[in-house]
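Residue numbering for the sequence shown is 110 to 188, as defined by the working numbering.
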Amino acid sequence: MGTIRSVIPLEGYRLLIELNTGSSITVDLLPKLKTARFAELADQKVFQDVKTDRETVIWGDGVLKIPVFEMIDVAVGGM
Numbered sequence: 110m111g112t113i114r115s116v117i118p119l120e121g122y123r124l125l126i127e128l129n130t131g132s133s134i135t136v137d138l139l140p141k142l143k144t145a146r147f148a149e150l151a152d153q154k155v156f157q158d159v160k161t162d163r164e165t166v167i168w169g170d171g172v173l174k175i176p177v178f179e180m181i182d183v184a185v186g187g188m
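What follows is the structure, given as structure tokens:
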């Protein structure tokens with residue numbers, strides 16, 4: 110598994126995550142917004158304020174932090 114090169118918020122509460130390996134994944138977070146862990150992302154301002162430290166996807170000033178391996182789990186429907 111690689112590290113995160115970039116994270117781009119897309120329409121419909123999706124993220125495009127580009128890895129340093131050259132691979133990319135699209136993660137659909139819309140189904141997760143009703144859970145306690147992801148509820149704050151329902152605010153578009155919070156959702157759009159996303160960045161990475163290469164190992165983690167981070168929203169706002171740390172409102173929510175998700176490691177790359179968990180984001181991959183969400184993308185494949187495991188989390």
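Where a beta carbon is used, it is the ideal one built from N, C-alpha and C, also for glycine.
Give the straight-line distance between the Cα atoms of residue i and residue j, rounded to the nearest whole angstrom.
i, j, result
"Y122", "Q153", "8 Å"
"V155", "D170", "10 Å"
"E127", "R114", "5 Å"
"K174", "T165", "6 Å"
"L142", "G131", "28 Å"
"V185", "T112", "18 Å"
In the DSSP assignment, find the alpha helix (DSSP H) that holds residue i and state where it starts and stops.
i, result
"D182", "V177 to A184"
"V136", "Not the alpha helix (DSSP H): V136 falls in the beta strand (DSSP E), residues S133 to D137."
"K154", "Q153 to Q157"
Strictly by DSSP, which residues pair up with residue i?
i, result
"E127", "S115 and S133"
Over the uninterrupted beta strand (DSSP E) stretch that includes residue i, give me the two end residues.
i, result
"T165", "T165 to W168"
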